[in-house]
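Peer 1:
Numbering (UniProt numbering), first residue to last: 1 to 488.
1) For residue 203, which residues of its own chain have a beta-carbon under 8 angstroms away from its beta-carbon, when the five flanking residues on both sides are left out?
2) Excluding sequence positions up to five away, which residues of its chain have a Cβ less than 6 angstroms from the Cβ of residue 147?
3) Output the boundary residues of the alpha helix (DSSP H) element that contains residue 318.
4) Measure the C-alpha to C-alpha separation of residue 484 and residue 401 and round it to an integer number of angstroms.
5) CB of residue 117 to nearest heavy atom of the ligand COA: below 7 angstroms?
6) Please report the Cβ distance between residue 321 and residue 332, rounded to the nearest whole angstrom; I am assuming they are in contact, meaning their Cβ atoms lie under 8 angstroms.
7) Quick check on residue 325: buried or exposed, where buried means 16 or more other Cβ atoms within 10 Å of its Cβ?
8) If the criterion is Cβ atoms closer than 8 angstroms, does the pair residue 319 and residue 266 meet it?
9) Would residue 364 count as contacting chain E if we go by Cβ distances under 8 angstroms?
10) Would you say residue 386 and residue 461 are within 8 angstroms of each other, going by their C-beta atoms?
11) Where residue 360 and residue 456 are concerned, what is the direct C-alpha to C-alpha distance, given to the nearest angstrom?
12) Taking 8 angstroms as the threshold, find out whether the stretch 159-169 comes into contact with the stretch 231-239 through three or more Cβ pairs.
13) Closest by CA to residue 155, which one among 179, 245 and 201?
14) If you count every other CB in all the chains shown that lies within 10 Å of the CB of residue 358, and 16 or more means buried, which is it?
15) Please identify the residue among 345, 316 and 189 whose C-alpha is closest to the C-alpha of residue 334.
16) Tell me the DSSP secondary structure of residue 459 in three-state form.
17) Please go through the stretch 317-378 and give each complete alpha helix (DSSP H) segment of 4 or more residues, from N-terminal end onward.
18) Ordered along the chain, which non-local residues of its own chain (more than five positions away) have a Cβ less than 8 angstroms from that of residue 425?
19) Relative to the alpha-carbon of residue 409, which residue among 376, 422 and 439 has its alpha-carbon at the smallest distance?
20) Just tell me which of 294, 306 and 446 has its CA closest to the CA of residue 283.
21) Kindly list the residues whose CB is nearer than 7 angstroms to the CB of residue 44, restricted to its own chain and excluding five residues on each side of it in sequence; keep chain order.
22) Measure the alpha-carbon distance for residue 311 versus residue 342 and round it to whole angstroms.
23) Within 10 Å of its beta-carbon, does residue 270 have 16 or more other beta-carbons around it, so buried, or fewer, so exposed?
24) Using CA coordinates, which residue listed in 416, 323 and 168 is at the minimum distance from residue 454?
25) What does the alpha-carbon distance come out to for the pair residue 71 and residue 116?
26) For residue 142, which option in 223, 432, 253 and 219 has the closest C-alpha, if you only look at C-alpha atoms?
27) Give the DSSP-derived three-state secondary structure of residue 216 in the structure shown.
28) Below 7 angstroms CB to CB, which residues in the same chain sit around residue 441 once its five sequence neighbours on both sides are set aside?
29) Excluding the 5 residues flanking residue 433 on each side, which residues of the same chain have their C-beta closer than 7 angstroms to its C-beta?
30) Which value, in whole angstroms, describes the spacing of the CA atoms of residue 196 and residue 214?
31) Mark residue 323 as exposed unless 16 or more other C-beta atoms lie within 10 angstroms of its C-beta, in which case mark it buried.
32) If you draw a straight line from the alpha carbon of residue 58 to that of residue 90, how long is it in whole angstroms?
33) Give the straight-line distance between the Cα atoms of residue 330 and residue 344, rounded to the nearest whole angstrom.
34) Could I get the ranges of all uninterrupted alpha helix (DSSP H) runs contained in the stretch 197-266, with 4 residues as the minimum, in chain order?
35) Between residue 482 and residue 422, what straight-line distance do the alpha-carbon atoms span, to the nearest angstrom?
36) Tell me the rounded alpha-carbon separation between residue 272 and residue 278.
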């Protein structure tokens, strides 16, 4: 409510301050008119008639400020002076009323704030009263905790006392500033606060005495309890130690069984894999061997995934050995057996991989030799067929034969890389001491002999077409020269 009145007064005061400019202008104009120095009268028009006219104008303006109060038929200068004095009196009265109102609002605001502070102080005192418990603790530790808590409570009271001291000082200042009924009300409010504060301090002091007495009692009882409790702790420690030893033994026993179980599973897997790796069947054809290679690739991937189990077993065994397990010798021996057998599986896997690679290489060699011999046989038959044909005499037919023979030789040259590749495979197998090295050498020698014979027969066939070769080369040169002439 006080704040609302203060806001309204501030708005009113602002409007008065704005209106003061108008009052100042009016007052300055009145002074100039009385002194016959109006800015509305030019130098050559300062005549009594003109002065009267502008005095009348000022009076009309002043009527809008304080309303009609005189007759314009009187002396204008005197009328302006009277109006001027009246306006000043009204303005001063308005400022006095505004100043008095401002002081009253200020006093009401201070008293209102004091009443609010009193209410807040009483509320805090009541909160502290409600927060003061009656519990005195059940043992020494709980009593000491309550004493520490009460010390914190008393520290809060010190801070509250400082606030109350400020409130008492404000009360004394306000009573001196606003005597009478307001001062009596302020004194009553102060008395209520101090009475409640005194009661709170008394309760706090009684609480401290009660806690101190409870502490003394608990200290006396604690000595006997501590002796009994010490004996109980000793017995409990013995029981705990025995239980801990038993627990360690049982935990190690469980760990041992888990370890042996995992080792047995890995051994079982290793046994089945050893049997699979010992299989001597690698296939005879390229397709069969390739199928065995793919099967072995899948086996190696499976072996890699199973390696995690071996690593986990090793970590478990090392952990048990680091813990000085009561069966450390058994664990170390079993772990060594599993790891050695697993290494053997990896070794067998690698050996089978090499043997499969050799088997695949041998199968490819056998296949390629067969295909190459078949191809060489076809080409030999083709040469024999050409040799058995009737000899031609015309140059045109000889050139055709030469061109056909050149195509045949180009085909032989293109096939030379395959023969060399087959030769490399065979030599590689022999270098690796393949079990079929003797057969490989024989097959390779037979193939190379057939290849050399084919080349020899092809060369012999080409010698008979030397004349056609020269003519063909001459024709090629002529075609090149004619093409060059056309370009030029």
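Note that CB positions come from ideal geometry on N, CA and C, so glycine has one too.
Peer 2: A quick look at the data gives this:
1) Excluding positions up to five away in sequence, the list reads 129 and 132.
2) 211.
3) From DSSP, the alpha helix (DSSP H) with residue 318 extends over 286-322.
4) 28 angstroms
5) Ligands displayed in this structure: none; no statement on the ligand COA is therefore possible.
6) 6 angstroms
7) buried
8) No. Outside cutoff.
9) The structure shown contains no chain E; it holds only a single protein chain.
10) Yes. Within cutoff.
11) Those two C-alpha atoms are separated by around 33 angstroms.
12) no
13) 201
14) buried
15) 316
16) helix
17) none
18) 361, 364, 365 and 368
19) 376
20) Residue 294 is the option with its Cα nearest to residue 283.
21) Any reading at residue 44 needs caution, since the residue's pLDDT is 39, under 50, leaving its predicted position unreliable; the model's value is listed next. Counting only Cβ-Cβ distances below 7 angstroms, and skipping sequence neighbours, we find nothing.
22) 11 angstroms
23) buried
24) 416
25) With a pLDDT of 48 at residue 71, under the threshold of 50, the predicted position of this residue should be treated as unreliable, though the coordinate-derived value follows. Roughly 57 angstroms separates the two Cα atoms.
26) 219
27) helix
28) 430
29) none
30) Straight-line measurement puts the Cα of residue 214 at about 27 angstroms from the Cα of residue 196.
31) exposed
32) In this prediction, residue 58 has a pLDDT of 44, which is less than 50 and means its spatial position is unreliable; nothing more can be read from the coordinates.
33) 21 angstroms
34) none
35) Computed Cα separation, rounded: 46 angstroms.
36) Approximately 10 angstroms, taken between the alpha carbons.
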